[in-house]
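Just so you know, our numbering puts 32 at position 32 of the sequence shown, and the rest follows in order with no gaps.
We treat Cβ as the ideally placed atom computed from N, Cα and C, and that holds for glycine.
These numbers were taken from a predicted model, which means no experiment stands behind them.
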Amino acid sequence: MSAPPGIFKAYDIRGIYGEEIDGDLAEEIGRAFTQVIGQLSGKDTADLGIGLGHDMRLPAADLAERYRQGIMSEGAHVIDVGQVGTEMLYWLVGSRELDGGLMCTASHNPKAYTGAKLVKAGAIALSGDSGIQEIRRMIDAGLGPAPGGGTSETKKIYNPFGAAALEFIDPDAVKPLKVVVDGGNGMAGPMVGPILRYLGLDLDENYFVPDGNFPDHEPNPLLPENRQFIIDRVLETGADLGIAWDGDADRCFFIDDTGRFVDGDFLTTLLAENLLEKEPGSMVLYDVRASRAVRDTVERLGGRSLPNRVGHAFFKTRMREEDAIFGGEVSGHYYFRDFYCADSGTVPALLMLEQISKSGRKLSEMLEGLRSTYFISGEINSEVDDAEAKMEEIAATYEAQGAEITRLDGVSVDFDDWHFNVRASNTEPLLRLCLESLVSEEDMETRRDEVLALIRG
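Below, the structure is given as structure tokens:
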């Protein structure tokens, strides 16, 4: 069997169900994944324990069964936790000290997609250059006869997962805030819903029932059209805030009490504040696209911070290397040292509810100082013929003007009062620009247009 090479992404496996990924390929992926985990752990596959979960997509349960058969056919023991949020699978692998885990999910993608997120021991992600491409090569080369002999068991983990998540906050400190929640018909409802109800919040629940048809909107709150409902609902109800999750609920997004979307840069900043108050002097990672608000705030609070490459595999590895308490990406992925350095859509929600309650301020008031100091463009995509050549042209142009140029991830250009990062897309002929001015909104727009003219020229 050969697999479509395009489904093997930088951070996961993802493709259209029936066209690119079917049950037979899922079984092959399960087998190859088990062999890779055996190699990485130095164990015989018969000695492996592997976690398995799936999301609410229409083919997910059937595909998970085929993944289970593939893993078992290599002799491994499967702990099947059924329909869960992705971070619950990470938690299972970390807390039970399993050798690996496979989550059948296509995250925030449209209805037609399926896929898998893969981790090794410690809930450390496999990536394109660390396991995922090896799975593709093994399938293409042919896996040969399967040894068989594997076993499986089922476990329910919602209650112990919820208890573990609540350890990040003081539940008694959370006030009965009015909160609009939008689960996007994904996994947030069953995963986060019981925890929020336990806290005694005044909840306005929307689309909290998993439904792989996504009858209301796609489960991707990064797209403005998918968060218009929750913005309107926050304003209609006079809520203190709104929280929306993506399909597999490992990312969460916030709307403040005035109906404004909270940028991931500023959420990273607020979460860093919360955690540094609890553990002063800790290390925080932020991605190369982020506002200087993160670095400045961490420094002001006596913490330490470092920029990092974009992508969950890079964050999870670097957090362990630096013993970072927390890492944040502007795309809504937030990583926690005490959650196996994994990303979570539950923990940020709990931390923000605690922080708003303790501060006695509205979320918009907590953000006011950031929004009036740091003026960010958001991510802007441009089609280019040769991304690498264009990035080098940009670097040369601004280096000649006295900018500091770094190449941790793409090209970052830093002046005293403005800066930007350009990165090439992994999958498309695009350059992605994130820019910030410390002067004004107007200055940001002028600088943004200047850089875009260079990119698109």
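Query	Result
Simplified DSSP assignment, three categories, for Pro221	coil
Whole beta strand (DSSP E) elements within the region 300-335, 3-residue minimum	304-308, 326-328
For Val36, the three-state DSSP class (helix, strand or coil)	helix
6 Å CB neighbourhood of Thr317 in its chain, flanking five on each side removed	none
Span separating the alpha-carbon of Leu325 from that of Ala173	In the sequence as displayed, the identity of residue 325 is Ile instead of Leu. Rounded to whole angstroms, Ile325 to Ala173 spans 22 Å at the Cα level.
Length of the line joining the Cα atoms of Gly200 and Ile230	21 Å
Environment of Gln355 [buried if 16+ CB atoms lie within 10 Å]	buried
Same chain only: Cβ atoms within 8 Å of Asp323, ignoring 5 sequence neighbours per side	Met283, Arg337
Close-in-space but distant-in-sequence residues of the same chain around Glu459 (CB under 6 Å, 5 per side omitted)	Residue 459 cannot be examined here, being either before or after the span of the chain that is shown, 1 to 457.
Span separating the alpha-carbon of Val181 from that of Pro110	20 Å
Beta-carbon gap between Met103 and Gln83 smaller than 8 Å	no
Residue nearest to Arg289 in terms of C-alpha spacing, selected from Pro219, Phe420, Phe339	Phe420
Paired residues, beta bridge with His108 - DSSP	Answer by DSSP bridge pairing: none, since His108 is not bridged.
8 Å contact criterion, which Asn185 and Pro224 should meet: CB distance rounded	So it is not a contact: roughly 19 Å between Cβ atoms.
Exposure label - Val78; buried when at least 16 CB within 10 Å	buried
Where Met391 sits in the DSSP three-state scheme	helix
Nearest-angstrom Cβ-Cβ length linking Gly131 and Gly51, presumed shorter than 8 Å	Gly131 to Gly51, Cβ: 16 Å. No contact.
Inter-stretch contact (C-beta, 8 Å, three-pair minimum) for the region 266-280 and the region 234-242	no
C-alpha distance - Phe254 paired with Leu351, whole-angstrom precision	12 Å
In DSSP terms, what Thr406 is bridged to	Ser412
Residues near Ser412 by beta carbon distance below 6 Å, same chain, minus five either side	Val288, Thr406, Asn421
First and last residue of the uninterrupted alpha helix (DSSP H) at Asn421	Careful: Asn421 lies outside any alpha helix (DSSP H), inside the beta strand (DSSP E) at 418-424.
The region 26-33 / the region 86-98 touching (three or more Cβ pairs under 8 Å)	no
Cβ-Cβ distance between Arg320 and Ser305 below 8 Å	no
Under 8 Å between C-beta atoms of Thr151 and Lys117	no
Buried versus exposed call for Pro215 [16 or more other C-beta atoms within 10 Å across all chains shown]	exposed
Buried versus exposed call for Asn220 [16 or more other C-beta atoms within 10 Å across all chains shown]	buried
Cα-Cα separation between Asn426 and Ala10, rounded to whole angstroms	7 Å
Nearest-angstrom beta carbon gap, Ser382 and Leu454 [assumed within contact, 8 Å]	Not a contact, Cβ separation roughly 10 Å.
Spatial distance of Gly457 from Ile13 (CA atoms)	35 Å
Spatial neighbours of Ser437 in its chain, beta-carbon cut-off 6 Å, leaving aside the 5 residues before and after	Phe375, Trp418, Asp443, Met444, Arg447
Own chain residues within Cβ distance below 6 Å of Gly53, not counting five before or after	Val81, Val84, Leu89, Met103
Reference Cys341, options Gly332, Ser331, Gly327, closest by Cα	Gly327
One or two residues paired with Lys117 in a DSSP bridge	Met103
Buried versus exposed, by CB contacts within 10 Å (16 or more), Arg197	exposed
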